[in-house]
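In order, the protein sequence lines correspond to chains A and B.
Taking our numbering, the leading residue of the first sequence gets 6, the next gets one more, and so forth.
Taking our numbering, the leading residue of the second sequence gets 6, the next gets one more, and so forth.
The block underneath contains the structure these notes are about, expressed in structure tokens.
Number of protein chains: 2
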Amino acid sequence: MMKHTVVVVDDHNLLSQAIGGLVDSFENFKVLYTCRNGKELIKRLDHPDDVPELVLMDVNMPILNGIETTEYLKKNFPRIKVLALSIEEDEAVILKMLRAGARGYLLKDVKKIELYNALLEVLEKGFYHTNTVTKILVDSLTEDKEKETQLKDREIEFIRLACTEKTYKEIADIMHLSPKTIEGYRNNIFEKLHLRNRTGLVIYAIKNKIFIP
Amino acid sequence: MMKHTVVVVDDHNLLSQAIGGLVDSFENFKVLYTCRNGKELIKRLDHPDDVPELVLMDVNMPILNGIETTEYLKKNFPRIKVLALSIEEDEAVILKMLRAGARGYLLKDVKKIELYNALLEVLEKGFYHTNTVTKILVDSLTEDKEKETQLKDREIEFIRLACTEKTYKEIADIMHLSPKTIEGYRNNIFEKLHLRNRTGLVIYAIKNKIFIP
DNA sequence: TAAAAAAAAGGGGAAAATCCTTTAACCATA
DNA sequence: TATGGTTAAAGGATTTTCCCCTTTTTTTTA
Numbered sequence: 006m007m008k009h010t011v012v013v014v015d016d017h018n019l020l021s022q023a024i025g026g027l028v029d030s031f032e033n034f035k036v037l038y039t040c041r042n043g044k045e046l047i048k049r050l051d052h053p054d055d056v057p058e059l060v061l062m063d064v065n066m067p068i069l070n071g072i073e074t075t076e077y078l079k080k081n082f083p084r085i086k087v088l089a090l091s092i093e094e095d096e097a098v099i100l101k102m103l104r105a106g107a108r109g110y111l112l113k114d115v116k117k118i119e120l121y122n123a124l125l126e127v128l129e130k131g132f133y134h135t136n137t138v139t140k141i142l143v144d145s146l147t148e149d150k151e152k153e154t155q156l157k158d159r160e161i162e163f164i165r166l167a168c169t170e171k172t173y174k175e176i177a178d179i180m181h182l183s184p185k186t187i188e189g190y191r192n193n194i195f196e197k198l199h200l201r202n203r204t205g206l207v208i209y210a211i212k213n214k215i216f217i218p
Numbered sequence: 006m007m008k009h010t011v012v013v014v015d016d017h018n019l020l021s022q023a024i025g026g027l028v029d030s031f032e033n034f035k036v037l038y039t040c041r042n043g044k045e046l047i048k049r050l051d052h053p054d055d056v057p058e059l060v061l062m063d064v065n066m067p068i069l070n071g072i073e074t075t076e077y078l079k080k081n082f083p084r085i086k087v088l089a090l091s092i093e094e095d096e097a098v099i100l101k102m103l104r105a106g107a108r109g110y111l112l113k114d115v116k117k118i119e120l121y122n123a124l125l126e127v128l129e130k131g132f133y134h135t136n137t138v139t140k141i142l143v144d145s146l147t148e149d150k151e152k153e154t155q156l157k158d159r160e161i162e163f164i165r166l167a168c169t170e171k172t173y174k175e176i177a178d179i180m181h182l183s184p185k186t187i188e189g190y191r192n193n194i195f196e197k198l199h200l201r202n203r204t205g206l207v208i209y210a211i212k213n214k215i216f217i218p
């Protein structure tokens with residue numbers, strides 16, 4: 006019986022070993038080799054014997070990351086199916102990865118049986134998506150989320166000021182706007198980013214490098 | 006005429022060059038050499054010819070920072086006078102540096118004339134302090150600032166919770182305290198740290214690594 | 001140029017945060 | 001056992017924030 010061929014691409018040594026081992030333990034799958042980043046993978050694909058059916062691809066890698074690598078594969082090796090593997094649960098990242106051509110998106114703490122199902126389904130049906138990922142996909146289609154979530158210049162300006170000890174009234178003065186307009190800004194941003202209050206906004210701004218303390 | 010000997014210790018190449026140039030331009034001062042960190046300086050001091058009268062010391066350096074280096078000099082080369090040079094305007098840092106034995110504390114955007122005066126005064130009077138630094142010094146003596154500024158364990162715990170979207174009432178529940186007590190905590194902390202509101206507290210906590218977003 | 005969309009502003013009200021003062025309970029220890 | 005120090009808690013007043021919902025003004029676009 007011919008085993009399905011798999012390549013694991015992940016810069017985290019321990020994890021790629023573990024995942025490789027898991028895949029090898031499935032009787033109808035075989036790990037050809039593992040790579041530390043996209044560049045390494047692309048190099049190896051020069052040899053026809055090294056071209057797998059499926060790539061388990063980490064998203065966050067140095068040199069050439071999962072998104073870029075997947076885009077490259079879609080262009081140059083369209084028959085290779087990419088299954089993304091990541092700790093990132095960030096919607097934007099998941100969307101980028103899927104748009105780049107990934108056939109599925111697994112979180113790294115995936116259970117053995119789920120990994121197996123994912124591998125099989127990707128080969129048979131061409132895709133595998135958990136409920137979470139499906140929901141994100143649907144949402145992104147139905148309400149043009151990215152565009153609406155995009156922060157405008159003036160909003161960014163406001164956020165930076167909100168990361169200080171100034172009151173909204175003071176911020177309004179600085180931005181030459183009415184306090185009521187500032188409230189509007191704040192309310193829009195809260196809704197866009199699913200925030201409850203200013204503290205959440207400050208943390209968000211710092212996490213996303215809008216404001217650097 | 007004998008020129009006064011100076012060594013510049015700063016890991017920022019450009020800046021140490023600039024400062025060195027400035028010092029050399031004073032007719033009665035001469036830069037012996039520059040170092041990138043405290044370790045380098047200590048090594049060079051083995052040679053008696055390399056022992057200067059005065060060291061212009063950066064506070065933030067890798068390997069061996071300004072405070073540790075100044076402490077070492079106080080112990081082993083008490084005749085070398087240290088003039089601290091930093092972008093840090095943090096009270097605690099300034100105090101540490103002075104306690105370590107620095108004879109003065111200059112901000113890096115110091116003007117030429119002020120640097121000159123500082124160098125002269127340190128050599129002649131033994132110290133040079135700007136108004137700002139003097140005030141900090143006085144304050145630290147009069148009201149035992151350090152001890153009172155020290156945050157207690159429970160306060161740290163509170164601060165971490167304040168860096169979330171929780172209301173004070175929710176925080177009170179979590180900490181098994183009355184909301185009024187939580188208010189007390191907050192007020193004490195605001196006063197200690199000269200803060201106006203929760204936003205300021207969040208920024209402070211992140212800056213000081215009490216809360217890592 | 002009229003219609004649509006986005007930006008700005010407003011009113012009102014409830015909740016939360018801020019500020020100030022005072023009280024209660026509990027220790028330590030002189 | 002009085003004394004003072006610390007921590008916890010409360011009352012009351014004021015400001016700021018947050019949340020609806022509506023209106024006006026400006027800009028964009030069909």
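Idealized CB from N, CA, C, for every residue including glycine.
Assigned secondary structure, residue i (DSSP; H/G/I helix, E/B strand, else coil)
i, result
"H107/A", "The sequence shown places Ala at residue 107/A, not His. Three-state DSSP puts A107/A in coil, outside helix and strand."
"T186/A", "helix"
"F34/A", "strand"
"D158/A", "helix"
"M62/A", "strand"
"V13/B", "strand"
"T39/B", "strand"
"K171/A", "coil"
"V56/A", "coil"
"K113/A", "coil"
"K214/A", "coil"
"K86/B", "strand"
C-alpha distance - residue i paired with residue j, whole-angstrom precision
i, j, result
"M6/B", "E160/B", "59 Å"
"A174/B", "L182/B", "The residue asked about is misnamed: residue 174/B is Lys in this sequence, not Ala. So the alpha carbons of these two residues sit roughly 9 Å apart."
"S30/A", "Y121/A", "10 Å"
"V11/B", "L125/B", "12 Å"
"G71/B", "C168/A", "31 Å"
"P57/A", "I179/B", "52 Å"
"I24/B", "H52/A", "57 Å"
"K101/B", "L100/A", "49 Å"
"L156/A", "I194/A", "8 Å"
"D15/A", "N65/A", "8 Å"
"I92/A", "K212/B", "26 Å"
"C40/A", "T135/A", "26 Å"
"G26/B", "V36/B", "8 Å"
"R203/B", "D158/A", "25 Å"
"K214/B", "R165/A", "20 Å"
"E45/A", "T186/A", "52 Å"
"I217/B", "P218/A", "12 Å"
"T172/B", "Y209/B", "18 Å"
"A97/B", "H17/A", "40 Å"
"E162/A", "H199/A", "19 Å"
"V127/B", "N81/B", "19 Å"
"E170/A", "V13/B", "38 Å"
"T74/B", "D95/B", "19 Å"
"E110/B", "E196/B", "Rather than Glu, the amino acid found at residue 110/B in this sequence is Tyr. Taking the straight line joining both Cα atoms gives about 26 Å."
Chain B residues whose Cβ lies nearer than 7 Å to that of residue i
i, result
"N202/A", "E170"
Interface partners of residue i on chain A, CB under 8 Å
i, result
"P218/B", "I208, I211 and K212"
Interface residues of chain A facing residue i [CB-CB closer than 7 Å]
i, result
"G205/B", "E170"
Interface flag, residue i vs chain A, CB-CB below 9 Å
i, result
"A167/B", "yes"
Within-9 Å CB hit, residue i to chain B
i, result
"L198/A", "no"
"E188/A", "no"
Residue burial classification, residue i (beta-carbon count within 10 angstroms, cutoff 16)
i, result
"G189/B", "exposed"
"K117/A", "exposed"
"T139/A", "exposed"
"L19/A", "exposed"
"G43/B", "buried"
"A89/A", "buried"
"I68/B", "exposed"
"D54/A", "exposed"
"R191/A", "buried"
"G131/A", "exposed"
"R108/B", "buried"
"K48/B", "exposed"
"D63/B", "buried"
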